[in-house]
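**Student:** Here the sequence shown is numbered in this note's numbering, starting from 1 and rising by one per residue.
Just so it is clear, CB atoms sit at the ideal spot from N, CA and C, and this is done for glycine as well.
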Amino acid sequence: MAVTGIGTYASYTNSYGNTQNAGNKTGRTYKNAHEYKNYLTQKYDCLRSRDYSVNINRSLLSEAMGDEKTKQWLEYNLSLIPESIEKLKAAQSARGCKVLSVTDTINGYDSITEEVLVTDEVDPGTEKARKELEE
């Protein structure tokens, strides 16, 4: 009895490679990092926000243009930024603080820095406010 329908390792890898190449051919290509940044700015609201700023390292943009894994990572994290900042503002508000500014900098693959400037807003009717005014 013969087993049929099983290919060789080479046929599977060639098939996978052809699928990957077909995806790259149909995908959008960019001439330079500036053009890719313009595309991202149109696609992601966080790059157009007036409430906070998001900066992307130019070398990361160049890397993402040529590496699908980096591109997916970058775009996934850009999609998370608005919700992340809303949660940050809610957490600071719960502590009685007001967020004055937020700057997210995407430095490289798996490297994001967030700078947050907050002010302590005290409700003048609370016990804490009375103590701070006495000091």
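1) Looking at C-alpha atoms only, which residue of S53, Y52, T70 and R50 is the closest neighbour of S59?
2) Give me, in chain order, the residues of the same chain whose beta-carbon lies closer than 6 Å to that of S53; leave out the 5 immediate sequence neighbours on both sides.
3) What first and last residue would you give for the beta strand (DSSP E) that runs through S49?
4) What is the DSSP secondary structure of T119, reduced to helix, strand or coil?
5) Output the boundary residues of the alpha helix (DSSP H) element that contains T103.
6) From Y36 to L61, what distance separates their C-alpha atoms?
7) Excluding sequence positions up to five away, which residues of its chain have a Cβ less than 8 Å from the Cβ of N107?
8) Are the beta-carbon atoms belonging to T41 and R50 less than 8 Å from one another?
9) Could you check which residue in Q72, Y76, D120 and E115 has the C-alpha nearest to that of A94?
10) Between Y44, N55 and A64, which has its C-alpha nearest T29's C-alpha?
11) So, using beta-carbon positions, are S79 and Y39 closer together than 8 Å?
**Tutor:** Looking at the atomic coordinates:
1) T70
2) T103
3) Careful: S49 lies outside any beta strand (DSSP E) and carries neither H nor E.
4) When secondary structure is reduced to three states using DSSP, T119 falls in the strand class.
5) Counting along the chain, T103 falls outside any alpha helix (DSSP H), though it belongs to the beta strand (DSSP E) covering C97 to G108.
6) 7 Å
7) Around N107: N57, L60 and T113.
8) no
9) In terms of CA proximity to A94, D120 leads the group Q72, Y76, D120 and E115.
10) Of the candidates Y44, N55 and A64, the one whose C-alpha sits nearest the C-alpha of T29 is A64.
11) Their beta carbons are not under 8 Å apart, which means S79 does not touch Y39 by this criterion.
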